[in-house]
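Participant: Quick one: the structure is below, questions incoming.
Quick look at the structure:
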């Protein structure tokens, strides 16, 4: 039913989107995801941009399976008994990535003829943003220091430089980052 279904991480599954069929040219592209957020499951396709909760997704692809899902999920009469506020954990969020860019080379500090700087200039990225973009010569190795075991040792053998694009919240705390490949032939242009 779900072509190329694979579990990527705990509470994250990936497969070809059954709604849009994903790429017609590249049968290996899998852009449909089921993921967990706040103790609930959701579906998202990065090709057709469909985003919905898991129950509605299941109803679209298999009404019979959806009926079984609802029966199991609510067989003890749990309809509306749980208050959503009670099920959400309380926490004081402290960003864990704030010091992650220490020691990283900002694109703004690179020489004018540096390939990474020239890459951004060719892409017409305004120079005022260069101070918030970074060069990482071994992206996967560096990521493993931030998120242990994110990349396997086999994956590390194919490590390459990437442009680090940090994500900030409204208070300018780093909440994540992605690496953009400089190689136009790289299959995974962005790694988040």
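Residue numbers (my numbering): 11 to 202. Glycine included, each C-beta is placed from N, C-alpha and C at the ideal position. All values reported here derive from a predicted model rather than from experimental measurement.
(1) Could you round the C-beta distance between residue 161 and residue 150 to whole angstroms and report it? I think they count as a contact, below 8 Å.
(2) Which first and last residues belong to the beta strand (DSSP E) in which residue 173 is found?
(3) Can you tell me the Cα-Cα spacing of residue 51 and residue 76, whole angstroms?
(4) What is the rounded straight-line gap between the Cα of residue 194 and the Cα of residue 83?
(5) Could you check the C-alpha separation between residue 174 and residue 131 for me, to the nearest Å?
(6) Taking 8 Å as the limit between beta carbons, can you name the residues of its chain near residue 61, skipping five residues before and five after?
(7) Which parts of the region 135-173 are runs of the alpha helix (DSSP H), unbroken and 4 residues or longer, counting only runs that do not cross its ends?
(8) So for residue 77, helix, strand or coil by DSSP?
(9) Measuring CB to CB, does residue 201 end up less than 8 Å from residue 186?
Facilitator: On the basis of the data shown:
(1) 4 Å
(2) 172-178
(3) 14 Å
(4) 46 Å
(5) 16 Å
(6) 52, 53, 54 and 55
(7) 149-156 and 163-166
(8) helix
(9) no
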